[in-house]
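Quick note: the sequence shown, position 52, residue 52 per the working numbering, numbers continuous. Cβ coordinates follow ideal geometry from the N, Cα and C atoms, glycine included. Note that this is a predicted model, so its numbers are computed, not measured.
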Amino acid sequence: MFDLTPTAAEKPALYRDLLAAIDAVMANESDPVANMANAAALLFEWLPDVNWVGFYRLIDGELVLGPFQGKVACIRIAIGQGVCGTAAAARVTQVVEDVDAFPGHIPCDAASRSEIVVPLIVDRALVGVLDIDSPTPSRFDDGDKRGCEAIAALLSPRICP
1 MFDLTPTAAE KPALYRDLLA AIDAVMANES DPVANMANAA ALLFEWLPDV
51 NWVGFYRLID GELVLGPFQG KVACIRIAIG QGVCGTAAAA RVTQVVEDVD
101 AFPGHIPCDA ASRSEIVVPL IVDRALVGVL DIDSPTPSRF DDGDKRGCEA
151 IAALLSPRIC P
């Protein structure tokens, strides 16, 4: 059994410890769904002030909902649409301070006010995105961007079937 209780308060230490926890949980697991599910659970538990954490997988040219923690979510998102589709199309992390001001935002949970979406890339190919929402405007910053991108780099090869 794992005891992966978050202890760090400073962002760099929090993400370092979170990355180590995700790595430990996935160490001997090759199933992509199991790895996404455990990663979503750890991110949801460890990151303060978030209300949704999950994955969208690229299937047949669109983003399809994968394992997540939080309220019911949009199931399919077109590439280029909303924050997730924009991150997928550009293959660049999107940090959105106010989702209501983001052109084409797709509101799945009215409580979400800010969002970070990180593309998941394997061998230069997009395989999906990691999506994290918060009920607080401007919740995510460069520290979150760096931390989430490091997590995405670790996860990407472990969630590609």
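Practice task
Please work out which residues of its chain come closer than 8 Å, Cβ to Cβ, to Pro157, disregarding the five sequence neighbours upstream and downstream, and give them in chain order.
Solution key: Locating residue 157 in the sequence shown gives position 157, where the first residue counts as 1. The answer, listed in chain order, is Val122.
Problem - Backbone secondary structure at Ile121 - three-state DSSP - result: Within the sequence shown, numbered from 1, the residue matching residue 121 stands at position 121. Strand, per DSSP.
Practice task
Measure the CB-CB distance between Ile116 and Cys148 and report whether it falls below 7 Å.
Solution key: In the sequence shown, counting from the first residue as 1, residue 116 sits at position 116. In the sequence shown, counting from the first residue as 1, residue 148 sits at position 148. Going by C-beta atoms, Ile116 is nearer than 7 Å to Cys148.
Problem - Every unbroken alpha helix (DSSP H) inside the region 25-84 [4 residues or more] - result: 32-46
Practice task
Taking Ala40 as the reference, give the member of Lys11, Leu58, Arg16, Ile132 with the closest Cα.
Solution key: Residue 40 sits at position 40 when you count from the first residue of the sequence shown. Comparing Cα positions, the closest option is Ile132.
Exercise for the section: Give me the Cα-Cα distance between Thr93 and Leu155, rounded to the nearest whole angstrom. Expected result: In the sequence shown, residue 93 corresponds to position 93, counting from 1. In the sequence shown, residue 155 corresponds to position 155, counting from 1. One C-alpha to the other measures close to 15 Å.
Exercise for the section: Could you please give the first and the last residue of the uninterrupted beta strand (DSSP E) stretch that includes Val95? Expected result: Residue numbering aside, residue 95 sits at position 95 when the sequence shown is read from its first letter. Run containing Val95: 94-96, per the beta strand (DSSP E) assignment.
Handout entry: Beta carbon of Ser114 nearer than 7 Å to that of Arg139
Key = If you number the sequence shown from 1, residue 114 lands on position 114. If you number the sequence shown from 1, residue 139 lands on position 139. It is a contact, given that the beta carbons lie within the stated cut-off.
Practice task
Identify which residue in Asp141, Gly82, Ala78, Val129 has its Cα closest to the Cα of Glu97.
Solution key: Working through the sequence shown from its first residue, we reach residue 97 at position 97. Nearest C-alpha to Glu97: Asp141.
Handout entry: Ala13 versus Gly66: straight-line alpha-carbon distance, rounded
Key = Position 13 of the sequence shown, counted from the first residue, corresponds to residue 13. Position 66 of the sequence shown, counted from the first residue, corresponds to residue 66. One C-alpha to the other measures close to 28 Å.
Handout entry: Sequence-distant residues of the same chain with beta carbon closer than 6 Å to Gly143, five excluded per side
Key = For this step, residue 143 is matched to residue 143 along the sequence shown. Lys11.
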